[in-house]
Amino acid sequence: MKTKTLAVISSAALIPASLTAGTGTAHARTQTQPVGAWNLSVTVNGESHSSRISFTSAGKVCLATEVSSGRGYWWKTGSDTFRWVVKEVFQPLPGLPGHILIDQQATQSGAAFTSTGTTYVYDTEGELIGTSNPSVVGTRVSTTPDASCT
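Taken in order, the sequence shown gives residues -28 to -1, 1 to 122; the numbers are from mature numbering (1 follows the signal peptide of the UniProt record, and there is no 0).
Below, the structure is given as structure tokens:
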């Protein structure tokens, strides 16, 4: 299971930027691609929390919460759909996992997207301890990714 999940994230890095680029004007491209900064509401098992995510035009993803940060990749899967994968690493605080691997399929409509997928949860020793199926609602707050997402 761990190898398969890591292969998904690793294979995302191999997707050429040209495959993620859209056509049309810059304004139209911004509206039909997730490039920019987004506020997220993530719901897992009925409980919600907030985070922030940025998508770059080069296919990078950067995620930040109060207790974690993550990096990964995104790519278009259709005219209004995209997939994003992130490895999120947590601060060493009691009750938190070591890291999680997030794999989400998203549908975007203008300045909003929804996504669902599977998250693999690992302890601080790197052992898989569980999975979850979170749902995510994103609201674009800027068409420019956060400066920390390079």
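Even glycine gets a Cβ: it sits at the ideal position worked out from N, Cα and C. As the structure is a computational prediction, the values presented were derived from the model and not from experiment.
Check, Outcome
"Under the three-state reduction of DSSP, which class applies to residue 42: helix, strand or coil?", "strand"
"According to DSSP, which residues form a beta bridge with residue 78?", "54 and 87"
"Excluding five sequence neighbours on each side, which residues of the same chain lie with their C-beta closer than 7 Å to the C-beta of residue -4?", "The pLDDT assigned to residue -4 is 38, lower than 50, so where the model puts this residue is not dependable; a value taken from the coordinates is nonetheless given after this. Around residue -4: no qualifying Cβ."
"Inspect the CB distances between the stretch 86 to 104 and the stretch 26 to 34 and report whether three or more fall short of 8 Å.", "no"
"In whole angstroms, give me the CA-to-CA distance for residue 18 and residue 108.", "12 Å"
"Between 61, 87 and 65, which has its C-alpha nearest residue 142's C-alpha?", "Only positions -28 to 122 of the chain appear in this structure, which leaves residue 142 out of reach."
"Nearest CA to the CA of residue 85: which residue from 73, 94, 111 and 116?", "111"
"The beta strand (DSSP E) with residue 65 in it runs from where to where?", "Segment: none, residue 65 is in no beta strand (DSSP E) and carries neither H nor E."
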